[in-house]
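So the protein sequences, as listed, match chains A and B. Quick note, the first sequence lines up with residues 1 to 155 if you use the UniProt record's numbering. Quick note, the second sequence lines up with residues 1 to 155 if you use the UniProt record's numbering.
2 protein chains.
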Amino acid sequence: MKWDTLDEEPCSLSRTVAVVGDRWTLLILRECFLRVRRFEAFQSSLQITRHLLSERLKKLVRFGILRRVPYSESPKRYEYILTQKGLDLYPIIMAMVHWGDTHMGDERGRPLLHEHKSCGKLFDPVMVCSECGEVLHAKQVHVHAGPGRRGADAA
Amino acid sequence: MKWDTLDEEPCSLSRTVAVVGDRWTLLILRECFLRVRRFEAFQSSLQITRHLLSERLKKLVRFGILRRVPYSESPKRYEYILTQKGLDLYPIIMAMVHWGDTHMGDERGRPLLHEHKSCGKLFDPVMVCSECGEVLHAKQVHVHAGPGRRGADAA
DNA sequence: GGCTATAGTTCTAAAATAGAACTGTCAAAC
DNA sequence: GTTTGACAGTTCTATTTTAGAACTATAGCC
């Protein structure tokens, strides 16, 4: 497939996959949510090759998910900060973490626990319907073609 | 990185990424949720090479996300059905679709609309805290090391 | 001048993917 | 009873990506 035009497909999942749908990008984003911001920090915590890290950061900046912000004038040094568009990826990351906790855990228990500052409790992320607030299950969802649909594609 | 041992890392995101963290796998799962079940159907709707499709389906079966169920005895024919573990990936897929709808849309509008059968309305998926039910934002979450944590890894 | 820190770039070898052709089984059509 | 077609893969070579290591550039500190 021509992955470079995937972000123009009439399918929102394809468009998302085009941007964040590879292993390294997802791991980089995890680090971002853990407040990692600098090239060397990403590199040493992920053991990613410097070449790929450089490419992926550029791509995330290009798509407006990270901002490259100078933190030192001489020498010129930059750090990478999540934009609002990037912060909005949080549900994707949390959904993946939760699935891993549930289905890929081992006897030692969870690697990380999440505390919700607003209520002070350890929590799991739950996906609900924006209209009625009930927990969502795949089988209770029916899909309709929307205005942006064309041809035999899906979404 | 040795992606074949990623599912043993002390990080739930890594473990999830090991299983579903590549472009084709995510697109295959989208098709699964749209009720696609057969080899030829995946192949023609995704334009994935037969070789890769075969590999990915095997992997998803190996990890217990799909079940390979015979639907014809002679000739032997199988279809691929989501297990409960696979159905539980729904929040990940929906979170990605929603992000794509929000941030990668074009002037034509959404490709697909989702109706919640329980309440009959078109909805967006929303991620909330399991304890207090409030909408989750990255900045309101604090991360603690859990029992399965080891060394300098993250999750 | 020599050492370190940071943020990259460049190079070659190994692995993954694309694209097309091929295999095998059986049913139905001729 | 031979041919055609559907289905579910496997095999092959060429291209693209990634891994791994070394190299470059700027500047502060001793």
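Note that CB positions come from ideal geometry on N, CA and C, so glycine has one too. Computed from a prediction, not measured in an experiment: that's the story for all the values here.
Test item: CB-CB of residue i and residue j under 7 Å
i: Arg15 (chain A); j: Asp4 (chain A); result: no
i: His142 (chain B); j: Lys117 (chain A); result: yes
i: Val61 (chain B); j: Arg68 (chain B); result: yes
i: Thr83 (chain A); j: Gly64 (chain A); result: yes
Counterpart residues of residue i in DSSP-defined beta bridges
i: His114 (chain B); result: A:Val143
i: Leu82 (chain A); result: A:Leu66
Interface flag, residue i vs chain B, CB-CB below 7 Å
i: Arg62 (chain A); result: no
i: Cys119 (chain A); result: yes
i: Ser44 (chain A); result: no
i: Thr5 (chain A); result: no
i: Gln84 (chain A); result: no
i: His142 (chain A); result: yes
Short CB-CB distance (under 7 Å) between residue i and chain A
i: Phe123 (chain B); result: yes
i: Leu136 (chain B); result: yes
i: Ala95 (chain B); result: yes
i: His51 (chain B); result: no
i: Pro70 (chain B); result: no
i: Leu113 (chain B); result: yes
Span of the beta strand (DSSP E) around residue i
i: Glu40 (chain B); result: Taken as a continuous stretch (DSSP letters only), Glu40 (chain B) belongs to no beta strand (DSSP E), being part of the alpha helix (DSSP H) at 39-46.
i: Leu57 (chain B); result: Unbroken run through Leu57 (chain B) is the alpha helix (DSSP H), 50-62; no beta strand (DSSP E).
i: Cys129 (chain B); result: 125-129
i: Pro91 (chain B); result: It is not in any beta strand (DSSP E) - Pro91 (chain B) instead sits in the alpha helix (DSSP H) that spans 90-103.
i: Val69 (chain B); result: 66-72
Cα-Cα separation, residue i to residue j
i: Leu89 (chain B); j: Lys2 (chain B); result: 24 Å
i: Ala152 (chain A); j: Ser44 (chain A); result: Confidence is the limiting factor: at Ala152 (chain A) the pLDDT is only 40, short of 50, which leaves the residue's position unreliable, though a coordinate-based value still follows. Rounded to whole angstroms, Ala152 (chain A) to Ser44 (chain A) spans 44 Å at the Cα level.
i: Ala18 (chain B); j: Glu131 (chain A); result: 33 Å
i: Cys129 (chain A); j: Asp101 (chain B); result: 16 Å
i: Met94 (chain B); j: Gly86 (chain A); result: 17 Å
i: Ala138 (chain B); j: Val36 (chain B); result: 34 Å
i: His114 (chain B); j: Leu53 (chain A); result: 36 Å
i: Gln47 (chain A); j: Arg110 (chain B); result: 38 Å
i: Gly91 (chain B); j: Lys121 (chain B); result: In the sequence as displayed, the identity of residue 91 (chain B) is Pro instead of Gly. Spanning the two alpha carbons is a distance of roughly 18 Å.
Run of the alpha helix (DSSP H) containing residue i, from where it starts to where it stops
i: Glu31 (chain B); result: 23-33
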